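Numbering (my numbering), first residue to last: 27 to 207.
Every residue gets a Cβ at the ideal spot worked out from N, C-alpha and C, and that includes glycine.
The structure presented is a predicted model; accordingly, all values stated were derived computationally and were not measured.
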Amino acid sequence: MQPTIRAILAVLLLGGCQERTEPEEPLALPGTEIGQQAPVLRGQLPSGDSLRVDSPPGNPTVLVFYRSIECGLCRVQLEQMQDNKAAYDRADAALVAVTLDPPNLSRAWIDDVSLDFPLVSVDSVTFRTWGAISAERAVPRPATYVLDGLGIVRFKHVGRNASDRTTDAEVIAILESVRGT
27 MQPTIRAILA
37 VLLLGGCQER
47 TEPEEPLALP
57 GTEIGQQAPV
67 LRGQLPSGDS
77 LRVDSPPGNP
87 TVLVFYRSIE
97 CGLCRVQLEQ
107 MQDNKAAYDR
117 ADAALVAVTL
127 DPPNLSRAWI
137 DDVSLDFPLV
147 SVDSVTFRTW
157 GAISAERAVP
167 RPATYVLDGL
177 GIVRFKHVGR
187 NASDRTTDAE
197 VIAILESVRG
207 T
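So this is what it looks like as structure tokens:
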């Protein structure tokens with residue numbers, strides 16, 4: 027192998043060994059931390075109706091922030107949530123998916139997969155309030171919040187990237203523990 031080609035390969039291979047820093051934590055405002063009263067979430071359903079999620083009377087609420095319906099991992103997550111909807115129902119939990127997508131984009135997809143829980147479109151300020159946008163690049167991140175029947179945040183997970191998500195089994199176990207408190 028020629029020395030020039032070897033040098034180029036060495037530079038390319040070493041480039042992958044650089045120290046990688048963790049992405050900056052998303053900006054989450056007061057009210058989205060565990061133990062705090064959750065802020066009101068307002069958005070628009072694909073039907074055009076408004077949805078307001080605040081302190082639900084008595085039953086827990088699961089809020090799942092997803093990047094976009096155009097994200098394959100997001101679609102898989104929403105379909106898995108639908109597949110596990112009976113388990114969420116047994117936990118008496120309201121399930122709400124939250125997106126930056128416009129309502130018309132969500133509407134077409136919901137009709138195709140027959141989701142049985144609301145998808146609510148919100149603005150980037152709402153995503154930022156809940157810490158579901160990277161502060162450094164303004165990129166949406168997957169996030170899951172479990173609110174108890176008084177609207178108190180009992181669980182929070184904000185993913186570092188598109189694949190860093192909670193599973194339905196994890197969320198359902200958390201719902202069981204919330205019901206026991």
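Nearest by alpha-carbon distance to residue i: which of the options is it?
{"i": "Tyr92", "options": "Arg180, Arg167 and Arg68", "result": "Arg167"}
{"i": "Ala97", "options": "Gly175, Val165, Thr87 and Ala113", "result": "One detail in the question is off: residue 97 reads as Cys in this sequence, not Ala. Ranking Gly175, Val165, Thr87 and Ala113 by Cα distance to Cys97 puts Val165 first."}
{"i": "Val184", "options": "Asp118, Ser76, Leu89 and Val79", "result": "Leu89"}
{"i": "Asp115", "options": "Pro86, Thr125 and Asp127", "result": "Pro86"}
{"i": "Arg205", "options": "Ala195, Gly84, Ser76 and Asp80", "result": "Gly84"}
{"i": "Pro128", "options": "Gln103, Ile95 and Ala158", "result": "Ile95"}
Can you give me the start and stop residues for the alpha helix (DSSP H) that residue i sits inside?
{"i": "Thr155", "result": "Ser150 to Thr155"}
{"i": "Leu104", "result": "Gly98 to Asp109"}
{"i": "Leu201", "result": "Asp194 to Arg205"}
Residue i lies in the beta strand (DSSP E); which residues open and close that run?
{"i": "Leu77", "result": "Ser76 to Val79"}
{"i": "Arg180", "result": "Val179 to Val184"}
{"i": "Leu25", "result": "The structure shown does not extend to residue 25, since the chain spans only 27 to 207, so no value can be given for it."}
{"i": "Ala120", "result": "Ala120 to Thr125"}
{"i": "Leu145", "result": "Leu145 to Ser147"}
{"i": "Arg68", "result": "Leu67 to Gln70"}
{"i": "Leu141", "result": "Leu141 -> no beta strand (DSSP E), and no H or E assigned at all."}
Identify every residue that forms a DSSP beta bridge with residue i.
{"i": "Thr58", "result": "Its beta-bridge partners do not exist; DSSP assigns none."}
{"i": "Leu131", "result": "Leu131 pairs with nothing; no bridge assigned."}
{"i": "Pro166", "result": "Ile159"}
Please confirm whether residue i has its beta-carbon closer than 8 Å to some beta-carbon of chain D.
{"i": "Val146", "result": "The structure shown contains no chain D; it holds only a single protein chain."}
Please confirm if the segment 138–156 is in contact with the segment 67–75, defined as three or more CB-CB distances below 8 Å between the two stretches.
yes
Do the segment 128–136 and the segment 184–193 touch if we need at least three Cβ pairs shorter than 8 Å?
no
Any chance the segment 103–113 sits against the segment 151–160, with 3 or more Cβ pairs inside 8 Å?
no
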